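J.: Taking my numbering, the leading residue of the sequence shown gets -16, the next gets one more, and so forth.
Even for Gly, the Cβ is constructed at its ideal location relative to N, Cα and C.
These numbers come from a predicted model, not from an experiment.
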Amino acid sequence: MTLWGWLLFAFALVTSIMLHEAGHMTCARKAGGKVTEFFVGFGPRIWSFRKGETEYGVKAIPAGGYVKIVGMTDLEPIAPEDEPRAFYKKPLGWRLLTLSAGSLVHFLIALVLFMIIPVFWGQTSVPPVIGGTAPCLSQHAGACASGDPAAPIAGSGLQAGDKILAVNGRPVKSWTDVTDAISKIEPGVDANSVPVSTPVPLTFSYQRQGVTATSTPITPAIGNKSSDPKAVCKGLMVGITPPARETKNLSTPAAVGQGFSDWGSNFKASVGGLVDIPKSIPKLFQKQQTANGSSCAGAPVTDRPVGVIGMGNLTGDLIKSDGYASFLNFVANINVFIGIFNLLPLLPLDGGHIAIALYEAARRKIAVLRGRPDPGRVDLNKLMPAAFTFLVLFVGLSLLLMAADITNPLKFPS
């Protein structure tokens, strides 16, 4: 399954890259621009062919892809016959659309996948219903042993079968919402001013046989949070376990609506994950597992970044655990993240070129208002140190993720 998973992941990634570049090329051509190269990979050519004015091919370093549009930057001279078609002469709207087309394609891929999954596999969810309760927080399989702490749920009034409506007054719609609330911690200091983290006391609003009630406050146990994410996913920090998953067939209109909803929630999660990358780097070499399958959030769950090697390794386990629907969900998540990352206003990302195009337009507009001559294009040579710094950091992080994926691989619990 590992080899098959790797092949599927590689196919999905390469396909996404090709569609990304096809988005750039299509928009550039629609704007009347000239595209001279369309390549997957970087470095020396492995194979290529020419069709029309464009050379298509594969290069040796599988680290993405690119299209070469005449006049996109000022780093290369433009032949006199190509000057009328130069990219920088196109209307701002066309340039912005062309530059953002790659990310828009990633977002579209994700949206289509989020719509397809419920149509063919149904909508799988874990409702916010207590599947079972535990008398203790056991650190091992089987019955409670002496020394195992009592489950915080004891004496709260909660029972198996109760439908959780809200946690600390915040409505919940799924088991994921419940586990998110349970895993919240708040920073503080002890008597010696040493930083510590303490669990947030929880009050559950629940419904039992049509009657709504409120539990007594519960303080979650936090001892196994970092070492066993699967326990957090199942709610074992308070002594509750989730119910069985529910699969509901959706009509096509309902699936479309669900697709937009899933896209929105994953967009928000991807932004949060991108922001959290710096503080999650120290966790790269901590031993941990992913939550089993997609029972919490629909994709492999981990609180540390995962590189390409890690994602490839996890794909086989993901398919074996949860099937191809979860794999497609995983691919959709990756596309959302890549689309967002690529829009960061940093060279050489597309977002960096978008920022430059907007800056040039604003500078030109201000010059016109002041009666001054057109200041012309931004000199990219002056921005190369910043672009090089970003590339060094990006490559360094990629190598760090690669090392972590090899020496500290994430595994799905059996």
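1. In this structure, does DSSP put glycine 290 in helix, strand or coil?
2. Between valine 109 and serine 157, which are expected to be in contact by the criterion C-beta below 8 Å, what is the C-beta distance as a whole number of angstroms?
3. Would you say the region 95 to 110 touches the region 225 to 233, given that touching needs at least three Cβ pairs under 8 Å?
4. Compare the beta carbon distance of leucine 329 and glycine 322 with 7 Å and say whether it is the shorter of the two.
5. Give me the Cα-Cα distance between arginine 191 and alanine 133, rounded to the nearest whole angstrom.
6. Let me know if serine 86 comes out buried or exposed under the rule of 16 or more other beta-carbons within 10 Å of its beta-carbon.
7. Looking only at C-alpha atoms, which of Asp305, Gln106 and Met385 sits nearest to phenylalanine 268?
8. Any chance you could list the beta strand (DSSP E) runs of at least 3 consecutive residues sitting entirely within the region 31 to 62, in chain order?
9. In this structure, does DSSP put valine 423 in helix, strand or coil?
10. With respect to the beta strand (DSSP E) encompassing threonine 202, which residues constitute its N-terminal and C-terminal limits?
11. Where leucine 363 and methionine 8 are concerned, what is the direct C-alpha to C-alpha distance, given to the nearest angstrom?
12. Below 7 Å between beta carbons: does that hold for threonine 202 and proline 184?
13. Return the CA-CA distance between glycine 114 and aspartate 131, expressed in angstroms with no decimal places.
14. Mind checking who tyrosine 189 pairs with in its DSSP beta bridge?
15. Taking proline 392 as the reference, give the member of Val361, Ala315, Gly295 and Tyr307 with the closest Cα.
16. Glutamate 4 lies in the alpha helix (DSSP H); which residues open and close that run?
17. Any idea if aspartate 357 is buried or exposed, counting beta-carbon neighbours within 10 angstroms, 16 or more meaning buried?
18. Which term fits serine 83, buried or exposed, when burial requires 16 or more other beta carbons within 10 angstroms of its beta carbon?
19. Can you tell me which of Ile52, Pro331, Leu91 and Pro135 puts its alpha carbon nearest to the alpha carbon of alanine 370?
20. So glutamine 241 is in the alpha helix (DSSP H); what residue range does that whole segment cover?
21. Would phenylalanine 97 and threonine 298 be called neighbours here (beta carbons separated by less than 7 Å)?
22. Which same chain residues end up closer than 8 Å to isoleucine 337 when comparing Cβ atoms and leaving out the 5 residues on each side of it in sequence?
23. Can you check whether the CB of arginine 28 is closer than 7 Å to the CB of glycine 47?
24. Hey, quick one: how far does the beta strand (DSSP E) through lysine 400 stretch, first residue to last?
25. Is DSSP giving phenylalanine 22 helix, strand or coil here?
26. How big is the Cα-Cα spacing for tyrosine 49 and isoleucine 302?
27. For lysine 34, count neighbouring Cβ atoms within 10 angstroms of its own Cβ and tell me buried if that reaches 16, exposed if not.
T.: On the basis of the coordinates in this document:
1. coil
2. Contact flag correct, Cβ pair sits at about 6 Å.
3. yes
4. no
5. 24 Å
6. buried
7. Met385
8. 37 to 52
9. Examination of residue 423 is not possible in this model, given that the chain is present from -16 through 397 alone.
10. Run containing threonine 202: none; DSSP gives neither H nor E here.
11. 22 Å
12. yes
13. 21 Å
14. Ile147 and Ala196
15. Per the Cα distances, Gly295.
16. -15 to 13
17. exposed
18. buried
19. Pro331
20. 235 to 263
21. no
22. Leu79, Leu82, Ser83, Leu326 and Pro328
23. For glycine 47 and arginine 28, no; Cβs fall outside 7 Å.
24. Absent from the model: residue 400. The displayed extent of the chain is -16 to 397, so no value can be given.
25. strand
26. 31 Å
27. exposed
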